[in-house]
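There are 2 protein chains.
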Amino acid sequence: MQARPDPRMRGPTVCSYNPDIMKTKIRLTREQSRAQTRQRLLDAARTLFAAQGYAATSVEQIALEAGYTRGAFYSNFRDKTGIFLTLLRCEHERIMAELQALLDAPAPESQASPPHRDLLESRLLAHYARLQLDSQRLALMLEARLHAARDAAFEPHFRRFREDLLEAVGRYARTFAQRAGLALSMSPEDLAFGFVALCDGCALHRLAGSPPGDEDIERILRAFMKRMAFEPPGPSRSSEPPGSP
Amino acid sequence: MQARPDPRMRGPTVCSYNPDIMKTKIRLTREQSRAQTRQRLLDAARTLFAAQGYAATSVEQIALEAGYTRGAFYSNFRDKTGIFLTLLRCEHERIMAELQALLDAPAPESQASPPHRDLLESRLLAHYARLQLDSQRLALMLEARLHAARDAAFEPHFRRFREDLLEAVGRYARTFAQRAGLALSMSPEDLAFGFVALCDGCALHRLAGSPPGDEDIERILRAFMKRMAFEPPGPSRSSEPPGSP
DNA sequence: CCTACCGATCGGTAGG
DNA sequence: CCTACCGATCGGTAGG
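Chains A and B, in that order, give the protein sequences. Per UniProt numbering, the very first residue in the first sequence carries number 1; after that it's consecutive. Per UniProt numbering, the very first residue in the second sequence carries number 1; after that it's consecutive.
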């Protein structure tokens, strides 16, 4: 059913690949061998959880997909919850790193570039589009959310990931508003929540694969963001003040 | 583990309760008895699918929760997919009926009432709030979505539900805009998709139970809708025309 | 003496 | 609608 993957393509650490062992076919140390096994199990679990769902995937399937038997699994992880948590920690670290890189990226300051408010939209959208075009990652996160709602031991870990993300997006909005010299239309926290919810909803839709397709979704997302992020520049645009119920 | 529910509280049909059999303890006909069994199995399946997930729920569990054994299940439904589809058809019919009722509800036309644009917001929000406060229904729909992405036989049915909903919300937006004499900010289809995605994302968040809580979510939803639904009344509010990229 | 993993099998339970 | 039972597979762990 599955071929054991080429060892030279795998790294010994949990969250990143080690290019060193790609160079030669040298004999692995015990530690390296163990790390390799661990990484293969993690890759197999990610694939299967995304394709079939967490509950529908057995430890046996994970081990076989990775090219081992169950014994290898239980010597590396406590149980299925354990490997799921490890998997999510890796994904979360990657997502947060990408978001931070977005913030640190040098803005093409005073050139003939689009105004800052367009940058906020374009970059955040590009970020989320990349995230959600990876449908494996998307399915994995949905599985995690449902599992967190059902497993009390799992919930606090997932909650932490979620809070980190919302905080980071809020920081992102605040920082960009300052740089652009524009006022946000609501608190950074509210804006972050609404934006993440909107993106989550679009991602949820993408799972189905039915129309509207990806280009339409991005267009709609952009239209929503253009109206949401900043206070309109004009003095008054409506009969009611911005904060009224 | 479970007590067989009081027969007088159950109806013989699939989607609705029949008050007739609440009156007395008369002996049921064969048809009534069969319908009662079917309904109990449906109720049990809804409870378990929402609480544990579709994949994690066995046919045996459903039957026992309903007060029967597996034999009763397989004499009423073809398999687990069969009862799930029946369950979702009931939910979908109920949702569409509620949405239609919202449209048919008489608008308090020329009284001292809020303007039409506020009505659109309030009613749709109230509708979605009611839908999503029922966390059982919410979890059920999420399970269906994930299952549709994985089961090719299940997918077309779920897709149909989804398309019906989007079309109905689009019709709702168009109708309300006409009555209010206001122009929508984008096509009814785009607006419906964005709104449903936003609500789905909020619903997804509610699963976790972490802050922001329900009142905050509704406030944020309202703020987003207030900015999204209609063209601003003023002649120009921004440097770029409404339809520009 | 320890590690990492295998082949085999444990007691229970799955859908049908 | 139940009892009885099937082929298979579950998560977890034994000794080697």
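Idealized CB from N, CA, C, for every residue including glycine.
Q.
Measuring only the C-alpha atoms, how far is B:Met22 from A:Lys226?
A. Here residue 22 of chain B refers to the residue found at position 22 of the second sequence. Here residue 226 of chain A refers to the residue found at position 226 of the first sequence. Annotation note: pLDDT 45 at B:Met22 (below 50); position unreliable, no value reported.
Q. Which ranges would you report for the alpha helix (DSSP H) in the region 131-176 of chain B if only whole runs of at least 4 residues count?
A. Runs of the alpha helix (DSSP H) inside the region 131-176 of chain B: 135-150.
Q.
Within a Cβ cutoff of 7 Å, which residues of the same chain sit near B:Ser110, ignoring the five residues on either side of it in sequence?
A. Translated into positions along the second sequence, residue 110 of chain B becomes position 110. Any reading at B:Ser110 needs caution, since the residue's pLDDT is 47, under 50, leaving its predicted position unreliable; the model's value is listed next. Excluding residues within five positions, none has a Cβ falling inside 7 Å.
Q: For B:Ala208, return the contacting residues in chain A, with the cut-off set at a CB-CB distance below 9 Å.
A: As a first step, residue 208 of chain B is located in the second sequence; it is residue number 208 there, counting from the start. Result: Arg145, Ala148, Ala149, Glu155, Phe158, Arg159, Arg162.
**Q.** Reference A:Ala51; option with closest CA among A:Glu143, A:Glu167, A:Cys202
**A.** Residue 51 of chain A sits at position 51 when you count from the first residue of the first sequence. Closest option to A:Ala51, Cα to Cα, is A:Glu143.
Q.
Using a 10 Å radius around the Cβ and a threshold of 16 neighbouring Cβ atoms, would you call B:Gln36 buried or exposed?
A. For the purposes of this step, residue 36 of chain B is identified with residue 36 of the second sequence, where counting begins at 1. Taking all protein chains shown into account, B:Gln36 has 16 or more neighbouring C-beta atoms within 10 Å of its C-beta and is therefore buried.
Q: Name the residue from A:Glu163, A:Met228, A:Thr86, A:Ala168 whose alpha carbon lies nearest to the alpha carbon of A:Glu98.
A: As a working note, residue 98 of chain A is residue 98 in the first sequence. Taking A:Glu98 as reference, the option from A:Glu163, A:Met228, A:Thr86, A:Ala168 with the minimal CA-CA separation is A:Ala168.
Q) Hey, B:Leu138 and B:Arg206: beta-carbon distance below 8 Å or not? A) On the second sequence, residue 138 of chain B is found 138 positions in, with the first residue counted as 1. On the second sequence, residue 206 of chain B is found 206 positions in, with the first residue counted as 1. Cβ atoms of B:Leu138 and B:Arg206: closer than 8 Å.
Q: Take every Cβ of the region 177-193 of chain B, pair it with every Cβ of the region 207-221 of chain B, and state whether three or more of those distances are shorter than 8 Å.
A: Three or more beta-carbon pairs separated by less than 8 Å are not found between the region 177-193 of chain B and the region 207-221 of chain B, which leaves the two stretches without contact.
Q.
Counting only C-beta atoms, is A:His205 closer than 8 Å to chain B at any point?
A. What you label residue 205 of chain A is simply residue 205 of the first sequence in a count that begins at 1. True, the Cβ-Cβ gap to chain B drops below 8 Å.
Q | Span of the alpha helix (DSSP H) around A:Tyr74 | A | As a first step, residue 74 of chain A is located in the first sequence; it is residue number 74 there, counting from the start. Looking at the DSSP string, the run of the alpha helix (DSSP H) that includes A:Tyr74 is 70-74.
**Q.** Proximity of A:Leu85 and A:Tyr172 at Cβ, strictly below 8 Å
**A.** Residue 85 of chain A sits at position 85 when you count from the first residue of the first sequence. Residue 172 of chain A sits at position 172 when you count from the first residue of the first sequence. No, the Cβ-Cβ distance between A:Leu85 and A:Tyr172 is not below 8 Å.
(Q) Quick check on the burial criterion: 16 or more other C-beta atoms within 10 angstroms. Buried or exposed for B:Thr175? (A) Within the second sequence, the letter at position 175 stands for residue 175 of chain B. It counts as exposed.
Q.
Please return the same chain residues whose Cβ sits closer than 6 Å to the Cβ of B:Pro5, not counting the five positions on each side in sequence.
A. Position 5 of the second sequence, counted from the start, is the residue given in the question as residue 5 of chain B. For B:Pro5, the predicted model reports a pLDDT of 39, less than 50, meaning its position is unreliable; a value from the coordinates is still stated below. In the same chain as B:Pro5, and ignoring 5 residues on each side of it, no C-beta atom comes closer than 6 Å to its own.
Q: Give a yes or no on whether the minimum CB-CB distance between B:Ala45 and chain A is below 8 Å.
A: Here residue 45 of chain B is taken as the residue at index 45 of the second sequence, counted from 1. Output row for B:Ala45: interface = no.
Q | Element boundaries [alpha helix (DSSP H), containing A:Pro188] | A | Start at 1 with the first residue of the first sequence, and residue 188 of chain A comes out as number 188. Its alpha helix (DSSP H) spans residues 188-208.
Q: Answer yes or no: do B:Phe77 and B:Ala63 have a C-beta to C-beta separation smaller than 8 Å?
A: In the second sequence, the residue the question calls residue 77 of chain B occupies position 77. In the second sequence, the residue the question calls residue 63 of chain B occupies position 63. No, the pair does not count as a contact, with Cβ atoms beyond the cut-off.
(Q) Am I right that B:Leu140 and B:Phe49 are in contact with their C-beta atoms under 8 Å? What's the rounded C-beta distance? (A) As a working mapping, residue 140 of chain B is identified with position 140 in the second sequence. As a working mapping, residue 49 of chain B is identified with position 49 in the second sequence. Contact annotation, B:Leu140 with B:Phe49: C-beta distance approximately 6 Å; criterion of less than 8 Å satisfied.
Q: Assuming B:Ile83 and A:Gly194 form a contact by the criterion Cβ under 8 Å, report the distance between their Cβ atoms to the nearest whole angstrom.
A: Position 83 of the second sequence, counted from the start, is the residue given in the question as residue 83 of chain B. Position 194 of the first sequence, counted from the start, is the residue given in the question as residue 194 of chain A. About 36 Å; that fails the 8 Å criterion.
(Q) By the DSSP assignment, the alpha helix (DSSP H) with A:Phe230 in it spans what residues? (A) As a first step, residue 230 of chain A must be located in the first sequence, where it is residue number 230. Judged by DSSP secondary structure, A:Phe230 falls outside any alpha helix (DSSP H); it is assigned neither H nor E.
Q | Bridge partner(s) assigned by DSSP for B:Leu184 | A | What you label residue 184 of chain B is simply residue 184 of the second sequence in a count that begins at 1. Answer is B:Phe230.
Q.
Quick check on the burial criterion: 16 or more other C-beta atoms within 10 angstroms. Buried or exposed for B:Glu91?
A. Numbered from its first residue, the second sequence carries residue 91 of chain B at position 91. By the Cβ neighbour-count rule, B:Glu91 is buried, with 16 or more other Cβ atoms within 10 Å of its own.
Q. Rounded to whole angstroms, how far is the Cβ of B:Glu65 from the Cβ of B:Ala44, which I believe are closer than 8 Å?
A. As a working note, residue 65 of chain B is residue 65 in the second sequence. As a working note, residue 44 of chain B is residue 44 in the second sequence. Rounded, the Cβ-Cβ distance is 4 Å, consistent with contact.
Q: Note the first and the last residue of the continuous alpha helix (DSSP H) segment covering B:Gln82.
A: The count along the second sequence starts at 1 and reaches residue 82 of chain B at position 82. The residue asked about is misnamed: residue 82 of chain B is Gly in this sequence, not Gln. Its alpha helix (DSSP H) spans residues 80-104.
**Q.** 8 Å Cβ cutoff met for A:Leu87 and A:Leu42
**A.** On the first sequence, position 87 is the one that residue 87 of chain A refers to. On the first sequence, position 42 is the one that residue 42 of chain A refers to. The answer is yes: Cβ separation under 8 Å.
Q: Go ahead and pull the three-state DSSP assignment for B:Thr29.
A: Within the second sequence, numbered from 1, the residue matching residue 29 of chain B stands at position 29. In this structure, B:Thr29 counts as coil in the three-state DSSP scheme.
Q: Could you tell me whether the Cβ of B:Met225 comes closer than 8 Å to any Cβ of chain A?
A: Here residue 225 of chain B refers to the residue found at position 225 when the second sequence is read from its first residue. It does not; no Cβ of chain A falls within 8 Å.
Q.
For chain A, check one thing: does any of its Cβ atoms lie closer than 8 Å to the Cβ of B:Ala197?
A. The sequence position of residue 197 of chain B within the second sequence is 197, counting from 1. Flagged as an interface residue toward chain A: B:Ala197, by a C-beta distance shorter than 8 Å.
**Q.** Cut-off 8 Å between Cβ atoms - residues of its own chain near B:Phe158, not counting five sequence neighbours on either side
**A.** Here residue 158 of chain B is taken as the residue at index 158 of the second sequence, counted from 1. Annotation for B:Phe158: Leu88, Ala144, Arg145, His147, Ala148 place their beta carbon closer than 8 Å to its own, counting only its chain and skipping 5 residues before and after.
Q: Round the Cβ separation of A:Ala180 and B:Leu198 to the nearest angstrom and send it over; I've been treating them as touching at under 8 Å.
A: Looking up residue 180 of chain A in the first sequence gives position 180. Looking up residue 198 of chain B in the second sequence gives position 198. Beta-carbon to beta-carbon, A:Ala180 and B:Leu198 are separated by about 24 Å, too far to satisfy the 8 Å threshold.
Q. Counting only beta-carbon atoms, is B:Asp79 nearer than 8 Å to chain A?
A. Within the second sequence, numbered from 1, the residue matching residue 79 of chain B stands at position 79. By this cut-off, B:Asp79 is not an interface position.
**Q.** B:Asp216 classed as buried or exposed, judged by whether at least 16 other C-beta atoms fall within 10 angstroms
**A.** Position 216 of the second sequence, counted from the first residue, corresponds to residue 216 of chain B. Around the beta carbon of B:Asp216, fewer than 16 other beta carbons lie within 10 angstroms, which makes this residue exposed.
Q | Residues of the region 177-190 of chain B with Cβ closer than 9 Å to any Cβ of chain A, in chain order | A | Listed by position, the residues of the region 177-190 of chain B near chain A (Cβ gap below 9 Å) are Ser185, Met186, Glu189, Asp190.
Q) Within 10 angstroms of its Cβ, does B:Arg160 collect 16 or more other Cβ (buried), or is it exposed? A) Start at 1 with the first residue of the second sequence, and residue 160 of chain B comes out as number 160. Within 10 angstroms of the beta-carbon of B:Arg160 lie fewer than 16 other beta-carbons, which makes it exposed.
Q) Any Cβ of chain A within less than 8 Å of the Cβ of B:Ala112? A) Translated into positions along the second sequence, residue 112 of chain B becomes position 112. Low confidence applies here, because B:Ala112 scores a pLDDT of 45, under 50, leaving its location unreliable; read the following figure in that light. B:Ala112 does not count as touching chain A.
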